[in-house]
Amino acid sequence: MAKPKVATTSLAGCFGCHMSILDIDDRILELIELVDFDKSPVDDIKEFTGRCAVGLIEGGCSNEENVRVLQDFRKHCDILIALGDCATMGGIPAMRNTIPLKECLDEAYLNGPTVFNPGGKTPNDPEIPLLLDKVYPVQEVVKIDYFLPGCPPSADTIWQALVALLTEKPMDLPYELIKYD
Ligand code: SF4
0 MAKPKVATTS LAGCFGCHMS ILDIDDRILE LIELVDFDKS PVDDIKEFTG RCAVGLIEGG
60 CSNEENVRVL QDFRKHCDIL IALGDCATMG GIPAMRNTIP LKECLDEAYL NGPTVFNPGG
120 KTPNDPEIPL LLDKVYPVQE VVKIDYFLPG CPPSADTIWQ ALVALLTEKP MDLPYELIKY
180 D
C-alpha cells in the first residue's frame, strides 16, 4: 500500500522550524517508513505530485506568493498544521505590522543608515512578489487544522504530533511539550 505523503513549506519564516523537523535525528528513518515526503525543501520537490495527508506550514503570509503557496497547500493536503510562532501569529516578520508599508520600504531601500542606493529607487521588478499590507498568520488566509506554537516547536513536539496524525491516534501532547515558560 502506498505510504501517506507529507509536504512542508516555509513562507515568511527563517527555516528554523524546518531545522526542528530535521532535529528528530535518527527518528527520520522511522518517519520515512511511515510517509513519503512530497513538495518540501527537505527533498527539494518543487510541485505537488499528488494528494498529501499532512502539510506543515512554517511562516506567515507576507507577500502574494506566500498566499498562493498556502492556498495550494490547503488544496492538496487533508490536514494543515501551522508550525511555529511565525505561522500562528506572524512572529518576527509581523513586527512591521505597526509601521506603514511605505515607511518600511523607504527605511529598507532609501533612508536606512546602512543603505547604499545611488539610483534612489525601491526595487519594483515584476518578478518580485508584491508585499501585503501586513504579515498575516496563516489561519487568517486558509483553514488550519492544528497549531504547534514555539520558536521553533521542539523536534519531540513535531514528532509526536506527526506520528499521532499519521497513525490516526489522538494528538495527546504531554504538558512538557506544550509549555513555553
Ligand atoms: S517560529 Fe521561530 S524558528 Fe520558526 S520560522 Fe519563525 S522565527 Fe524561525
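Read the sequence shown against numbering that gives the first Met the number 0 and you will find it ends at 180, with the numbers running on by one and no gaps. From the three backbone atoms N, C-alpha and C, an ideal C-beta is built for every residue, glycine too. Computed from a predicted structure; not experimentally measured.
At a threshold of 7 Å, does G49 count as lining ligand 1 (C-beta to nearest heavy atom)? To locate residue 49, count along the sequence shown from 1; it is residue 50. Result no, Cβ not under 7 Å from ligand 1.
**Prompt:** Are the CB atoms of K164 and T156 nearer to each other than 8 Å?
**Reply:** Looking up residue 164 in the sequence shown gives position 165. Looking up residue 156 in the sequence shown gives position 157. Looking at the sequence itself, residue 164 is Leu, so the reference to Lys does not match. Not in contact: L164 and T156 (Cβ atoms no closer than 8 Å).
Own chain partners of L47 with C-beta closer than 8 Å, once the 5 adjacent residues on each side are dropped: The residue given as residue 47 occupies position 48 in the sequence shown. Residue identity differs from the one stated: residue 47 is Phe in this sequence, not Leu. For F47, where only same-chain residues beyond five positions count, the Cβ hits under 8 Å are A6, D37, K38, D71, H75.
Requested in this report: Pull up the distance between the alpha-carbon of A81 and that of C13, whole angstroms please.
Outcome: Mapped onto the sequence shown, residue 81 falls at position 82. Mapped onto the sequence shown, residue 13 falls at position 14. Going from the Cα of A81 to the Cα of C13 covers about 14 Å.
Notebook entry, point to check: For R95, which residues from the same chain have a beta carbon less than 6 Å from its beta carbon, with the 5 sequence-adjacent residues on both sides left out?
Noted result: Locating residue 95 in the sequence shown gives position 96, counting from the first residue. Closer than 6 Å at the Cβ level, and outside the excluded window around R95, lie C103.
**Item:** In chain order, each alpha helix (DSSP H) run of at least 4 residues that lies wholly inside the segment 66–122
**Value:** Fully enclosed alpha helix (DSSP H) runs of 4 or longer: 84–88, 100–105.
- May I ask whether a heavy atom of ligand 1 can be found less than 7 Å away from the beta carbon of P151? By 1-based counting over the sequence shown, the position of residue 151 is 152. Checking every heavy atom of ligand 1 against the Cβ of P151, one is found closer than 7 Å.
Can you tell me whether E186 is helix, strand or coil according to DSSP? Nothing about residue 186 can be reported from this structure: the residues present for the chain run from 0 to 180 only.
Worksheet item: By how many angstroms is the C-alpha of E64 removed from the C-alpha of I127?
Response: Along the sequence shown, one-based indexing puts residue 127 at 128. Along the sequence shown, one-based indexing puts residue 64 at 65. Rounded to whole angstroms, I127 to E64 spans 9 Å at the Cα level.
Any heavy atom of ligand 1 closer than 7 Å to the CB of C60?
Here residue 60 corresponds to residue number 61 of the sequence shown, with the count starting at 1. It does not: the Cβ of C60 is nowhere closer than 7 Å to a heavy atom of ligand 1.
- Along the chain, where does the alpha helix (DSSP H) that runs through C16 open and close? Your numbering for residue 16 matches position 17 in the sequence shown. C16 -> alpha helix (DSSP H) spans 15–21.
Reference P40, options I27, H17, C51, closest by Cα: Numbered from its first residue, the sequence shown carries residue 40 at position 41. If we check each option's Cα against that of P40, H17 comes out closest.
Would you kindly check if the distance between the Cβ of L129 and the Cβ of G59 is under 8 Å?
As a working note, residue 59 is residue 60 in the sequence shown. As a working note, residue 129 is residue 130 in the sequence shown. The Cβ atoms of G59 and L129 lie no closer than 8 Å to each other.
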